[in-house]
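Here's the structure we're looking at; comments come further down.
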Amino acid sequence: MIQNLSTKTFNCKSFFGKVLHQLNLADGKLSQLKEEMETMKQMSSDVQVFLGTREINKTLCEEIKSIKGIIDNTFEIKIEIDSSITSLMNCVDRLGVISVEEIHSELEFKDVKLDQAQRQIYVSTGNSHRVVDVKLQQRIKMKGTEMRMGVTGCLILTNGNILIADILRENQVIEYDGEGQHVRYISCSGEPYYLTLIDPDRFAVTYLDLSKIDIIHQCKTQVQTIPTKNECRGISYQDDQLFVIMDSIGIVVFDLLGKIINTLATDSQKVYSITTAKDMIYYTNEKEKTVHCLRLTGQEIWMYQFESFILPRGVSVADNNDLFVICPKSNNLFIINQNGLDFKILLDKPDLRTKPRALCYNSDRKELLVCSEDGRTAAVYTVILG
């Protein structure tokens with residue numbers, strides 16, 4: 004009886020081994036179809052996408068049919084004990100009979116309707132409130148300085164004024180009003196690189212050649228300095244914490260008193276730009292042409308890789324976690340949807356006119372500021388959700 008059980012168990016294991024192998028093959032094919040669909044969305048015309056989707060749908064239907072056939076049946080093993088077991092020693096030659104009966108598995112296969120999958124080529128997933136466009140509110144020509152500029156960071160304040168970090172201007176952050184008129188120079192400790200707004204009166208600034216962060220009070224012109232181990236690059240404020248890209252370390256999280264709360268790894272040492280939302284961290288890797296989304300614990304949620312001609316630089320996040328990305332090389336402003344599945348070009352060269360280098364979304368004003376690399380022009384856009 005034990006030998007009989009072993010034989011039937013082995014047969015069942017062999018069967019399910021073949022089933023698992025077939026399912027793994029099917030999973031590989033479905034993953035390949037998904038990758039082909041994503042590539043087709045980005046590189047093909049609408050007509051090509053439509054025709055290609057029909058062919059992919061045919062293959063997908065065949066795979067679904069195959070999977071349903073594979074999981075349609077399972078096995079139930081029964082052992083029937085002989086009724087004469089009580090007189091085993093004298094009356095019977097065996098304990099019972101082992102049988103394997105093939106029955107309906109009742110496993111449910113849930114598949115997304117193919118027509119819905121086809122529509123997802125054109126409309127990304129996510130909540131109903133997503134960034135659909137930006138509308139030019141005002142184009143600003145900066146006045147009051149004739150010096151050559153190298154803009155690396157910017158802020159739009161709650162009163163509509165603009166702060167500019169010019170890496171070529173030592174010891175000064177420049178403030179303009181909403182019309183582009185020069186307001187004042189705000190003193191800082193070196194060549195400012197990146198800015199982040201803490202509250203209406205305070206902002207933080209980093210310096211590429213200095214191992215420190217300054218928190219500057221605009222009204223009182225007071226400066227609080229946080230010493231750091233290495234030089235700092237991008238910086239972003241969120242919920243009483245500063246998230247800082249630090250050379251050779253990664254993302255270092257400080258409280259506002261300068262205490263290190265956490266240190267998170269990045270995929271490269273060549274990371275310069277960062278932004279944060281309530282539960283997310285975003286940074287760009289210009290060398291690898293990637294944008295990364297992390298949890299506050301450092302766990303990567305998604306990574307988006309652009310084509311070879313796009314070098315993502317500055318980033319800023321909208322209220323719904325859609326991500327604005329600028330590329331000075333291709334002269335574009337992009338939006339990556341909140342789940343990292345697709346992107347859309349919002350502005351290109353004719354709209355931007357000159358290389359965009361820095362950007363900032365102000366949640367209170369629902370406005371997006373985009374500044375040119377040479378510091379001569381900027382533009383404020385109203386963000387349209389749909």
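The sequence shown begins at 4 in the working numbering and counts up one residue at a time. Idealized CB from N, CA, C, for every residue including glycine. None of the values given here were measured: they were computed from a predicted structure.
Short Cβ contact (7 Å threshold) for residue i with residue j
{"i": "V373", "j": "L362", "result": "yes"}
{"i": "R360", "j": "P331", "result": "yes"}
{"i": "I219", "j": "I229", "result": "no"}
{"i": "D322", "j": "S366", "result": "yes"}
{"i": "L349", "j": "I338", "result": "yes"}
{"i": "V154", "j": "D169", "result": "yes"}
{"i": "D202", "j": "C222", "result": "no"}
{"i": "T380", "j": "K144", "result": "yes"}
{"i": "Y285", "j": "V247", "result": "no"}
{"i": "T293", "j": "S276", "result": "no"}
{"i": "I165", "j": "Y179", "result": "yes"}
{"i": "S251", "j": "T231", "result": "no"}
{"i": "Q241", "j": "T279", "result": "yes"}
{"i": "Y253", "j": "W305", "result": "Contrary to the premise, residue 253 reads as Gly rather than Tyr in this sequence. Contact: no."}
{"i": "D258", "j": "Q272", "result": "no"}
{"i": "N334", "j": "K347", "result": "no"}
{"i": "L139", "j": "L200", "result": "no"}
{"i": "K146", "j": "Q184", "result": "yes"}
{"i": "D403", "j": "M152", "result": "Residue 403 lies beyond the stretch modelled for the chain, which goes from 4 to 389, so this question has no answer here."}
{"i": "A382", "j": "R133", "result": "no"}
{"i": "V386", "j": "V137", "result": "yes"}
{"i": "A29", "j": "E58", "result": "no"}
{"i": "Y364", "j": "L355", "result": "no"}
{"i": "V274", "j": "I264", "result": "no"}
{"i": "E303", "j": "L297", "result": "yes"}
Three-state secondary structure (DSSP) of residue i
{"i": "D258", "result": "strand"}
{"i": "H24", "result": "helix"}
{"i": "G253", "result": "strand"}
{"i": "T56", "result": "helix"}
{"i": "K369", "result": "coil"}
{"i": "I67", "result": "helix"}
{"i": "L36", "result": "helix"}
{"i": "L158", "result": "strand"}
{"i": "G183", "result": "coil"}
{"i": "L355", "result": "helix"}
{"i": "R122", "result": "With a pLDDT of 31 at R122, under the threshold of 50, the predicted position of this residue should be treated as unreliable, and no value is reported."}
{"i": "S127", "result": "Note that S127 scores a pLDDT of 39, beneath 50, so its modelled location is shaky and nothing firm can be said."}
{"i": "E178", "result": "strand"}
{"i": "C374", "result": "strand"}
{"i": "T269", "result": "coil"}
{"i": "Q308", "result": "strand"}
{"i": "K116", "result": "In this prediction, K116 scores a pLDDT of 41, lower than 50, which makes its location untrustworthy; the coordinate-derived value is nonetheless stated afterwards. Three-state result, K116: coil."}
{"i": "K332", "result": "coil"}
{"i": "K290", "result": "coil"}
{"i": "E41", "result": "helix"}
{"i": "A29", "result": "helix"}
{"i": "C363", "result": "strand"}
{"i": "S190", "result": "strand"}
Enclosing beta strand (DSSP E) for residue i [first to last residue]
{"i": "T293", "result": "293-298"}
{"i": "S276", "result": "276-279"}
{"i": "P195", "result": "195-202"}
{"i": "L139", "result": "134-144"}
{"i": "F337", "result": "335-339"}
{"i": "I165", "result": "165-169"}
{"i": "A321", "result": "From DSSP, A321 is part of no beta strand (DSSP E); its letter is neither H nor E."}
{"i": "L350", "result": "346-350"}
{"i": "L314", "result": "Taken as a continuous stretch (DSSP letters only), L314 belongs to no beta strand (DSSP E), as it is neither H nor E."}
Query raised in the report: Are the region 229-245 and the region 192-212 in contact at 8 Å, needing three or more beta carbon pairs?
Result: yes
Query - Unbroken stretches of the beta strand (DSSP E), 3 residues or longer, contained in the region 207-243 - result: 215-220, 226-230, 235-241
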